[in-house]
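Encoded as structure tokens, the structure appears first; notes follow it.
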Amino acid sequence: TNMAGEKGKPVYDFLVSAYANVNRRHELVLFSVQDNPPVNFRDSFRVPCSYRADMQIGPNRKVIEGFVHDISFSGISFTYDKDEISSTVGQSISATLRNNDGVREKSYKVAADIVRVQDWNNNKILIGAKFKNDDKNVKSIVAECQRKELRVRKLNGL
Numbered sequence: 317t318n319m320a321g322e323k324g325k326p327v328y329d330f331l332v333s334a335y336a337n338v339n340r341r342h343e344l345v346l347f348s349v350q351d352n353p354p355v356n357f358r359d360s361f362r363v364p365c366s367y368r369a370d371m372q373i374g375p376n377r378k379v380i381e382g383f384v385h386d387i388s389f390s391g392i393s394f395t396y397d398k399d400e401i402s403s404t405v406g407q408s409i410s411a412t413l414r415n416n417d418g419v420r421e422k423s424y425k426v427a428a429d430i431v432r433v434q435d436w437n438n439n440k441i442l443i444g445a446k447f448k449n450d451d452k453n454v455k456s457i458v459a460e461c462q463r464k465e466l467r468v469r470k471l472n473g474l
């Protein structure tokens, strides 16, 4: 159901409505689309990751530098400067991910298809991408990022 607003457009889309007893009173409880948290577009747990990325987006062969925002077994998100290059949903992306852990630099190559593009803070673009295939490199990166995240949480008492 919905409440009609200007020109019949819904003002509020209700998903669930029910009566509840609150302090011995009957109250109407409404949950709406607007009350739900943002959707997690990936079907697996995301891990924050701080790899640098040399990326090629779409048919453009220009290599741009960005950073991995987070990664999971099924996808990855990157941030990069808005004025570097434009990207759209459906384009492919190939990236070389680099991590310097203080001992040695490791690099991994990944290929993915862009499924989300949005403005990010400070003149940045955030792109979300789904991996094209199951890659053991991705599993290595996710495991490494998970270990780092767990160490940080342990140090912070979480």
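Numbering-wise (the numbering used here), the sequence shown opens with residue 317 and increments by one.
Glycine included, every Cβ here is placed at the ideal spot set by N, Cα and C.
A distance below 7 Å separates the beta carbons of I401 and I373.
In the assembly as shown, F361 is an exposed residue. Its beta-carbon has fewer than 16 other beta-carbons within 10 Å. Excluding the 5 residues flanking it on each side, T404 has same chain C-beta neighbours closer than 8 Å at G374, I430 and V433, in chain order. The three-state reading of DSSP puts S456 in helix, counting H, G and I together.
Annotation: D450 to F383 spans about 21 Å, alpha carbon to alpha carbon. S456 and D386 have their C-alpha atoms spaced approximately 14 Å apart.
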